[in-house]
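As structure tokens, the structure follows; a few thoughts come after it.
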Amino acid sequence: MFGENAKSVSESDVVFSSRIRLARNFKNYPFPFRMNEKQCREVIEKVKDTVFSTSYAAADSFRFYDISSMDPIERQAMVEKHLISPDLAAMQTLSGVIISKDENISIMINEEDHLRIQCLYRGMQLDRAWENCKRIDSMLEEKIDFAYDNSFGYLTCCPTNVGTGMRASVMLHLPALVMTGYIKGILDACSKLNVAVRGIYGEKSDASGNMFQISNQVTLGLTEEEIISSITNISSQIIQQERTLRSELYRQNSYRFEDRVFRSYGLISNARILSSEEAMKLLSDVRLGVDMGIIKDVDIDTLDEIMDITQPANLQKITGKALSAGERDIKRAEIIRDRLRHRPNT
Amino acid sequence: MLCQLCQKRVATVHFTQIINNNRVEMYLCEKCANEKGNMNFISPLSLGDFLSGFFSTDIGDSYIATPDVNTRCEVCGMSFNDFQSTGKIGCNNCYKIFGDRLKPIIKRLHGNVEHIGKAPSGFSDSMIKTTKEIEKLKEELNRAIQAEEYEKAALLRDKIKELESRSSGQ
Ligand SMILES: [Zn+2]
Ligand SMILES: [Zn+2]
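Residue numbers (my numbering), protein chains in the order written: chain A, 18 to 363; chain B, 901 to 1070.
In structure tokens:
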């Protein structure tokens, strides 16, 4: 999914992924919800012209997807792979996305803002994501006049995004903090620090599979580097606590710990029916087992792949037809059994 | 966003109170909320609550100017009322014509209204200007120290610190 394996990336035992997102708008067009069809089309064409006419595009080979012409399952499949936002998938008006071949960079067009530049990497790599966002931003800026004000900074459709227009986020896997209940204290502390916490698949979803996304709320009055370092600092404290609790739990009762992890591994490798919720829960246990070196014959990359392809829309895309919830649960179990049997790296 | 009572700490509590049959909503820090006592909490603060209630009130802020409510943006057709009901701004020009009224709202959201991050290349002039100004002030500071004008030196040092913190990171 992310084109590099988990072991080569820092903090990947707790940090699933890092993402930077920049909001930008054209100066000479109303923001998307105030545009007519002709204006929507012009904005899309101007972004395409800019991206595909630079030498940068040739090197990284981007591809344009017309969201408006895609059916709901295709759109949702892109959301599940974190390539586009749930808001872009829900757009009724003309919109699109330009995605790099390695799927690390997405440039969403006509979402809430004209442009949402997103860079996503696995593990703790906010700096790298920011470097790439900055590069794309500067490339676009050569041909596009952005809405910008000396005091408010980059102007956005919602005033919660003005200034840097930047959202820096990390996705953390926190099973030990959840098991012990300490997660509540973490969430409280985050809200006091102006840090938002969400679940893995977008703004409204619950934290399923013990995955939590933390991101900055304030976008104005700080430099991008300050925002990144505050999210990095908060994350590293959470990572430290998660690791301490993991080893403490294991030390206190290693049989019980191993039993839980191996039961989940046994279940997920053999089940014939798996709901999305149950799969996420079991995957979380198996991931914990792998990260702690208890389960040795599965790698994290396989688990990451399973997590994405067994989400509802991707399942239906793989099968090539619409499936009922019951059919999906059977198909999900089948795919997971298959992937865990044919492990590429063992 | 800052607490609407003390304007010092970050607001984490959505506070509702019924006063004379009127529902009053506020965003407070935990300390102020506890001191107010006797209340209903709807916490933690979510963006949904926030958009529905927040833009429509101006508790705690006193901007005296009450511009014409019928003013519409000539580019996108939005009025300030439209913004209050949707939480969305229509275009670049809206920020200019409604800027004075947006300022206190933006300040409440971010605790700040001065952008110090990345700017489009055409705007980086201001950054260069700041750097030059800092250099000039540093020379003045040296002269003030040599002349043993310590009060002046302290003022200059504060000014330099402020400019440096604004331009750091560019
Ligand atoms: Zn307060
Ligand atoms: Zn406007």
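Note that beta-carbon positions come from the ideal geometry of N, C-alpha and C, so glycine has one too.
* To do: Using a cut-off of 7 Å between C-beta atoms, extract the partners of A/G170 located in chain B.
  => If you number the first sequence from 1, residue 170 of chain A lands on position 153. Ordered by position in chain B, the residues that pass the 7 Å Cβ test against A/G170 are H1015 and G1017.
* To do: Mind listing the chain A neighbours of B/P1020? Cutoff is C-beta to C-beta under 7 Å, in chain order.
  => Residue mapping note: residue 1020 of chain B aligns to position 120 of the second sequence, counting from 1. Within 7 Å Cβ-Cβ: E158, F163 and Y165.
* With DSSP run on the structure shown, which of helix, strand or coil describes B/D949? -> Sequence index remark: in the second sequence, residue 949 of chain B carries index 49 (1-based). Its pLDDT being 42, under 50, B/D949 is placed unreliably in this model, and the value from its coordinates should be taken loosely. If DSSP states are grouped into helix, strand and coil, B/D949 belongs with the helices.
* Look at A/V187 and A/S112 and say whether their C-beta atoms are less than 7 Å apart. => Position 170 of the first sequence, counting from 1, holds the residue named residue 187 of chain A. Position 95 of the first sequence, counting from 1, holds the residue named residue 112 of chain A. No, the Cβ-Cβ distance between A/V187 and A/S112 is not below 7 Å.
* To do: Would you kindly check if the distance between the Cβ of A/A185 and the Cβ of A/I90 is under 7 Å?
  => As a first step, residue 90 of chain A is located in the first sequence; it is residue number 73 there, counting from the start. As a first step, residue 185 of chain A is located in the first sequence; it is residue number 168 there, counting from the start. For A/I90 and A/A185, no; Cβs fall outside 7 Å.
* Asked: B/F874 touches chain A at which residues, Cβ-Cβ below 8 Å?
  -> The structure shown does not extend to residue 874 of chain B, since chain B is modelled only from 901 through 1070, so no value can be given for it.
* Asked: Looking only at C-alpha atoms, which of B/K1036, B/N1042, B/G1017 and B/E1040 sits nearest to A/W147?
  -> To locate residue 147 of chain A, count along the first sequence from 1; it is residue 130. The residue with the shortest Cα to Cα distance from A/W147 is B/G1017.
* Under a CB-based cut-off of 7 Å, is A/T67 close to chain B? -> For the purposes of this step, residue 67 of chain A is taken as residue 50 along the first sequence, with counting starting at 1. Not closer than 7 Å to any Cβ of chain B, the Cβ of A/T67 fails to qualify, so no.
* Asked: Can you name the start and end residues of the alpha helix (DSSP H) that A/D321 belongs to?
  -> The residue given as residue 321 of chain A occupies position 304 in the first sequence. Unbroken alpha helix (DSSP H) run through A/D321: I317 to I326.
* Test: A/G238 CB closer than 7 Å to a CB of chain B -> Locating residue 238 of chain A in the first sequence gives position 221, counting from the first residue. At least one chain B Cβ lies under 7 Å of A/G238.
* To do: Scan the segment 59-108 of chain A and note each continuous beta strand (DSSP E) run of 3 residues or more that stays entirely inside, going in chain order.
  => Complete beta strand (DSSP E) runs here, min 3: 79-83.
* What separation, rounded to the nearest whole angstrom, lies between the Cα atoms of A/M156 and A/T71? -> The residue given as residue 156 of chain A occupies position 139 in the first sequence. The residue given as residue 71 of chain A occupies position 54 in the first sequence. About 8 Å.
* To do: Measure the C-alpha to C-alpha separation of A/N127 and A/Q328 and round it to an integer number of angstroms.
  => The sequence position of residue 127 of chain A within the first sequence is 110, counting from 1. The sequence position of residue 328 of chain A within the first sequence is 311, counting from 1. Distance between the alpha carbons of A/N127 and A/Q328: 26 Å.
* Assigned exposure category for A/G140 - 16 Cβ within 10 Å defines buried -> Numbered from its first residue, the first sequence carries residue 140 of chain A at position 123. Per the 10 Å Cβ criterion, buried.
* Sequence-distant residues of its chain with Cβ nearer than 6 Å to B/R972 (five each side left out) -> Reading the second sequence from its first residue, position 72 is the one you call residue 972 of chain B. Excluding sequence neighbours, B/R972 sits near S979.
* **Residues that DSSP places opposite A/M228 in a beta bridge** => To locate residue 228 of chain A, count along the first sequence from 1; it is residue 211. Note: A/M228 sits in a beta bridge opposite A/H190.
* Does the Cβ of B/K988 have 16 or more other Cβ atoms within 10 Å, making it buried, or fewer, making it exposed? -> Counted from its first residue, the second sequence places residue 988 of chain B at position 88. Classification of B/K988: buried, given that the 10 Å Cβ count is 16 or more.
* Asked: The beta strand (DSSP E) with B/I1016 in it runs from where to where?
  -> Your numbering for residue 1016 of chain B matches position 116 in the second sequence. Where B/I1016 is concerned, there is no enclosing beta strand (DSSP E), given that its DSSP letter is neither H nor E.
* CB contact below 7 Å: B/I1034 versus chain A -> In the second sequence, counting from the first residue as 1, residue 1034 of chain B sits at position 134. Not an interface residue.
* Beta-carbon of A/I37 versus every beta-carbon of chain B: anything under 7 Å? -> As a position in the first sequence, residue 37 of chain A is number 20, starting the count at 1. No, because no Cβ of chain B sits closer than 7 Å to the Cβ of A/I37.
* What's the C-alpha gap between A/I290 and A/I323? -> Here residue 290 of chain A is taken as the residue at index 273 of the first sequence, counted from 1. Here residue 323 of chain A is taken as the residue at index 306 of the first sequence, counted from 1. Distance between the alpha carbons of A/I290 and A/I323: 15 Å.
* To do: Can you tell me which of A/D130, A/G180 and A/L284 puts its alpha carbon nearest to the alpha carbon of A/T236?
  => By 1-based counting over the first sequence, the position of residue 236 of chain A is 219. That would be A/G180, whose Cα lies nearest to the Cα of A/T236.
* To do: Check whether the Cβ atoms of A/L39 and A/D205 lie closer than 7 Å to each other.
  => As a position in the first sequence, residue 39 of chain A is number 22, starting the count at 1. As a position in the first sequence, residue 205 of chain A is number 188, starting the count at 1. It is not a contact, given that the beta carbons lie outside the stated cut-off.
* Identify the residues that DSSP records as bridge partners of A/I115: which are they? -> For this step, residue 115 of chain A is matched to residue 98 along the first sequence. In DSSP, A/I115 forms a bridge with A/F81 and A/I124.
* Going by DSSP, what residues sit across from A/A185 in a beta bridge? -> Sequence index remark: in the first sequence, residue 185 of chain A carries index 168 (1-based). A/A185 is bridged to A/I37.
* Asked: What span of residues does the beta strand (DSSP E) with A/A213 cover, start to end?
  -> The residue given as residue 213 of chain A occupies position 196 in the first sequence. Taken as a continuous stretch (DSSP letters only), the beta strand (DSSP E) holding A/A213 covers V212 to R215.
* From A/G372 to A/S264, what does the alpha carbon distance come to, in whole angstroms? -> Shown here, chain A extends from 18 to 363; a query on residue 372 of chain A therefore has no answer.
* Could you list which residues in chain B have their beta carbon closer than 9 Å to that of A/G202, in chain order? => Numbered from its first residue, the first sequence carries residue 202 of chain A at position 185. Within chain B, no residue comes near A/G202; the closest Cβ sits about 13 Å away, beyond 9 Å.
* Can B/N993 be considered in contact with ligand 2, in the sense that its beta carbon sits closer than 6 Å to one or more heavy atoms? -> Position 93 of the second sequence, counting from 1, holds the residue named residue 993 of chain B. Checking the Cβ of B/N993 against ligand 2 gives yes.
* Check whether the Cβ atoms of A/F229 and A/L189 lie closer than 7 Å to each other. => The residue given as residue 229 of chain A occupies position 212 in the first sequence. The residue given as residue 189 of chain A occupies position 172 in the first sequence. In contact: A/F229 and A/L189 (Cβ atoms closer than 7 Å).
* Under a three-way DSSP split, which group does A/N45 fall into? -> Indexing the first sequence from 1 puts residue 45 of chain A at position 28. If DSSP states are grouped into helix, strand and coil, A/N45 belongs with coil.
* Helix, strand or coil at A/V32 according to DSSP, with G and I counted as helix -> Within the first sequence, numbered from 1, the residue matching residue 32 of chain A stands at position 15. Strand.
* Three-state class that DSSP yields for A/C136 in the structure shown -> Your numbering for residue 136 of chain A matches position 119 in the first sequence. A/C136: strand per DSSP, three-state reduction.
* Where DSSP assigns a beta bridge to A/D166, which residues make up the other side? -> What you label residue 166 of chain A is simply residue 149 of the first sequence in a count that begins at 1. Paired residues: A/G170.
* Asked: Within the 7 Å Cβ cut-off, does A/F48 reach chain B?
  -> The residue given as residue 48 of chain A occupies position 31 in the first sequence. At a cut-off of 7 Å between beta-carbon atoms, A/F48 makes contact with chain B.
* Asked: By Cβ distance below 8 Å, which residues in the same chain neighbour A/D166 in space, the five residues on each side in sequence not counted?
  -> Here the question's residue 166 of chain A lines up with position 149 in the first sequence. Hits under 8 Å: L172.
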